[in-house]
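Trainee:
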Amino acid sequence: MDPIAELGLCFGIAVLLILLLQRFIREILRLWEQQNVNEVAPRILLPISTCPVCDGRLESHLMTRHLIVTHDMEVEKAAELVEVMRSEKAQSEE
Ligand SMILES: [Zn+2]
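Under my numbering, the first residue of the sequence shown is numbered 137, with each subsequent residue one higher.
(1) With distance defined between alpha-carbon atoms, name the residue in Cys190, Gly192, Asp191 and Glu216 nearest to threonine 200.
(2) Is any heavy atom of ligand 1 found at a distance shorter than 7 angstroms from the C-beta of histidine 197?
(3) For cysteine 190, which of Leu182, His202 and His197 has the nearest alpha-carbon?
(4) Give the residues whose C-beta lies closer than 6 angstroms to at least one heavy atom of ligand 2, in chain order.
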């Protein structure tokens, strides 16, 4: 096998492994998030927000991670969106 093809193959395998690992981590985070929601749901002390993407209800402090993990949103975009939601909520409470 010529070295360039071999290098390409190695690269391909590496990329595939990274993608698999990412998927795996996302899945774990998702399960962890669901578990957290289930655990904290009975105490309604924490503010609940509605996800703008899927209309799911979850705690405000979990929203950023939910957007990133569940909706593949970029970290900065998710943080921005949560910030906007927060300020809108604060305004409506005034
Ligand atoms: Zn959502």
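Note that beta-carbon positions come from the ideal geometry of N, C-alpha and C, so glycine has one too.
Mentor: In brief:
(1) Walking along the sequence shown from the start, residue 200 turns up at place 64. Residue Glu216 is the option with its Cα nearest to threonine 200.
(2) For the purposes of this step, residue 197 is taken as residue 61 along the sequence shown, with counting starting at 1. No - ligand 1 has no heavy atom lying nearer than 7 angstroms to the Cβ of histidine 197.
(3) Residue mapping note: residue 190 aligns to position 54 of the sequence shown, counting from 1. If we check each option's Cα against that of cysteine 190, His202 comes out closest.
(4) For the structure depicted, ligand 2 is absent and the ligand set comprises only ligand 1.
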